[in-house]
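Chains as they are written, first to last, in the working numbering: chain Z, 381 to 743; chain R, 17 to 374.
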């Protein structure tokens with residue numbers, strides 16, 4: 381007797397809905413065992429990870445703050461991936477957006493610039509992110525260069541540019557040579573939504589982005605083109621859809637969103653430009669996009685869920701003295717199960733009994 | 017089924033409240049760490065100090081730490097999480113936590129904060145640091161004595177005053193032994209990245225350096241120097257096990273007594289915001305045993321250590337000549353003023369390198 385994976389005749393929509401739940405269930409079982417081995421009460425630990433952060437307003441705000449850049453970037457990436465365009469460089473577009481927007485903040489520092497500063501920063505950041513994303517897109521369309529490689533490599537260019545600027549020309553003159561700009565003026569800062577909290581306008585913008593993407597993909601011809609080009613390239617060609625044009629478009633949109641996320645993070649929670657403004661948001665967003673199955677609502681949920689594991693991980697460290705490494709193991713196990721369970725959408729388990737198989741073959 | 021779930025939930029709640037009650041009468045002290053506690057350098061030394069604190073005052077306090085907290089958008093949240101978990105005294109142990117600590121401090125005026133190596137303070141936010149340049153001066157003397165090629169290799173982290181003053185103190189000391197001493201500097205632009213630090217050490221040795229010094233936190237450079245048969249200084253912690261025949265000495269961050277003193281003040285209700293900048297005469301840092309050197313070099317090092325501790329020797333004794341050959345204005349009487357050292361952004365004469373961002 382053996383257990384084999386058998387390809388399904390067609391993808392199972394039931395499993396597609398249920399598989400994330402199975403994955404979470406398996407993760408909880410595995411973590412329970414792990415906590416027990418570590419000598420921690422598994423119920424208290426799981427409570428610290430999943431329940432405690434959802435029970436007070438402060439943690440809910442922090443989850444939203446953490447999820448905002450992830451969701452915004454992942455929505456853009458999902459458009460690319462749906463159209464079979466592989467933008468891996470959202471991290472770079474995020475940084476370039478942050479740099480471009482900060483330029484206005486740095487140049488208007490200490491002047492009596494008006495309320496136009498923040499909107500101008502947002503627009504410039506989005507434009508810069510889009511232009512930066514167009515480099516790999518155009519190289520792909522014109523020269524057939526792999527957009528995966530070029531977009532990834534441009535991440536390091538952006539990182540070094542930011543590094544140069546905050547160490548050199550934009551360095552805070554009163555900052556004792558430390559690589560950071562001065563704190564942005566109030567007009568160059570993303571407004572907070574709740575007094576004394578950290579929830580900021582960026583979270584609203586992220587929700588608007590989710591809604592806009594849902595409308596684009598669900599209700600417009602452009603959205604239809606994106607999905608067809610990705611799912612059935614030959615059919616799309618026969619339909620007269622221009623795949624190259626869509627690569628350019630989706631790259632530009634995802635670059636703009638990543639750039640916007642970058643300046644919102646800098647002008648919001650951080651308050652100044654410095655190296656290390658992104659703890660890998662652009663890469664984590666790739667995971668968010670796929671966890672959310674490239675679906676807008678899915679991405680919103682996935683972004684919030686991943687944020688929950690970060691906040692919960694910190695609270696578990698504080699409340700239960702569970703090491704940070706366990707949180708990382710936890711995130712890894714979760715992704716592992718999600719991917720493993722996804723294979724059940726196209727495959728199913730089957731028990732095979734060798735002798736019966738022969739009999740069936742004979743019949 | 018539902019009943020058993022309810023019972024379980026009730027049990028959870030009870031368990032939670034019981035543990036909260038038993039901890040309520042103890043002072044909660046929190047720590048934010050930059051690296052993992054196993055970095056064997058900067059964070060490790062803070063962790064050792066926390067352990068010393070627990071050993072000394074464990075019956076009166078409960079400590080909590082968050083490790084590997086990046087100096088970016090997550091720092092403010094991590095600090096605030098500690099506040100919300102009931103910590104009344106919080107040590108944020110890296111320069112980059114300065115603005116996040118200040119923000120949280122303004123928000124919670126009844127919680128006290130201690131920020132390492134920064135320059136912004138508030139009613140409820142102290143700063144603390146050590147005069148490591150004194151240790152660097154001793155290292156400079158040893159390095160000049162021990163170097164055969166006359167070229168020292170220096171791995172810098174970030175060109176902030178703490179690091180720049182360390183380089184200057186090293187060179188000023190080395191010049192008293194060998195006026196023609198050369199130093200090669202590589203900026204790693206990180207505090208902790210064993211791969212980068214090892215690469216920097218290799219590059220420095222390839223450029224002729226035979227004594228490696230570092231202002232980064234991992235023992236990687238020590239290991240490379242050991243492999244290549246060169247000499248090196250440890251950083252932050254005792255690194256002799258990574259180079260038994262390599263380590264000359266190491267500047268050891270010994271925060272324990274400061275942490276104990278500050279927590280005692282908090283317990284007594286006498287804590288107040290201040291700026292502590294301790295040298296060899298305090299217990300903010302110490303020198304590891306002088307090893308792998310002849311007795312005469314050891315004596316020079318020990319004499320210098322005694323003179324600095326007694327206040328008879330100051331590494332930045334005037335006149336200090338800048339890289340351009342002009343004398344630096346002496347604002348502290350016989351020596352450079354503390355403010356000049358804390359804000360140092362120039363090289364002294366004899367350093368054949370350009371300070372980044374100058």
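Built from N, CA and C at the ideal position, the CB exists for glycine as well.
Keep in mind the model is a prediction, meaning the values are calculated, not measured.
Comparing C-alpha distances from residue 674 of chain Z to each of Z/565, Z/465, Z/475 shows the shortest one belongs to Z/465. For residue 302 of chain R, no alpha helix (DSSP H) segment is defined; the enclosing uninterrupted segment is the beta strand (DSSP E) at 301 to 303.
For residue 714 of chain Z, the three-state secondary structure derived from DSSP is helix. For residue 94 of chain R, a Cβ of chain Z is located within less than 9 Å of the residue's own Cβ. Residue 58 of chain R sits in a helix when the DSSP states are folded into three classes. With fewer than three CB-CB distances shorter than 8 Å, the segment 678 to 688 of chain Z does not count as touching the segment 106 to 126 of chain R. Secondary structure at residue 483 of chain Z: helix, using DSSP grouped into helix, strand and coil. Assignment of residue 697 of chain Z by DSSP, reduced to helix, strand and coil, places it in the helix class. For residue 218 of chain R, same chain residues with a beta-carbon under 7 Å away, outside a window of 5 residues either side, are 240 in chain order. Put simply, the backbone Cα of residue 125 of chain R is about 11 Å away from that of residue 105 of chain R. Contact annotation: residue 731 of chain Z and residue 427 of chain Z have beta-carbon atoms that are not nearer than 9 Å. Any Cβ of chain Z closer than 9 Å to the Cβ of residue 108 of chain R would place that residue at the interface, and such an atom is absent. Collapsing the DSSP output to three states places residue 135 of chain R in coil. The secondary-structure analysis by DSSP pairs residue 144 of chain R across a beta bridge with R/132, R/292. Within the segment 685 to 697 of chain Z, the residues whose Cβ lies closer than 7 Å to any Cβ of chain R are, in chain order, 694, 695, 697. When the Cα atoms are used, residue 433 of chain Z and residue 163 of chain R turn out to be separated by approximately 57 Å. Residue state for residue 282 of chain R is assigned as helix, using DSSP reduced to three classes. Distance between residue 213 of chain R and residue 169 of chain R, taken at the CA atoms: about 12 Å. Taking the beta carbon of residue 247 of chain R as reference, no residue of chain Z falls within 8 Å; the closest one sits roughly 29 Å away. The beta carbon of residue 716 of chain Z sits no closer than 9 Å to any beta carbon of chain R.
Nearest neighbour of residue 77 of chain R by Cα position, chosen from R/128, R/301, R/41, turns out to be R/41. Bounds of the alpha helix (DSSP H) holding residue 531 of chain Z are 527 to 547. Contact annotation: residue 324 of chain R and residue 150 of chain R have beta-carbon atoms nearer than 9 Å.
Under the three-state reduction of DSSP, residue 96 of chain R is assigned to helix.
By the neighbour-count criterion, in which a residue is buried when 16 or more other Cβ atoms sit within 10 angstroms of its Cβ, residue 232 of chain R is buried. The bridge partners DSSP lists for residue 203 of chain R are R/172. Look at residue 53 of chain R here: in three-state DSSP terms it is coil, with no helix or strand label.
Nearest Cα to residue 206 of chain R within the set Z/478, Z/463, Z/559: Z/559. DSSP places residue 229 of chain R in the strand class (E or B) of the three-state scheme. Ranked by Cα distance from residue 208 of chain R, the options R/369, R/366, R/58 are led by R/58. Straight through space, the alpha carbons of residue 527 of chain Z and residue 454 of chain Z are spaced by roughly 17 Å. Considering only Z/660, Z/441, Z/570, the residue with the shortest C-alpha distance to residue 468 of chain Z is Z/660. Distance from the CA atom of residue 121 of chain R to the CA atom of residue 145 of chain R, rounded to whole angstroms, is 19 Å.
Note that the C-beta distance between residue 196 of chain R and residue 264 of chain R is not below 9 Å. Beta-bridge partners assigned by DSSP to residue 351 of chain R: R/333, R/348. Excluding residues up to 5 positions away in sequence, 596, 597 lie with their Cβ nearer than 7 Å to the Cβ of residue 603 of chain Z in the same chain.
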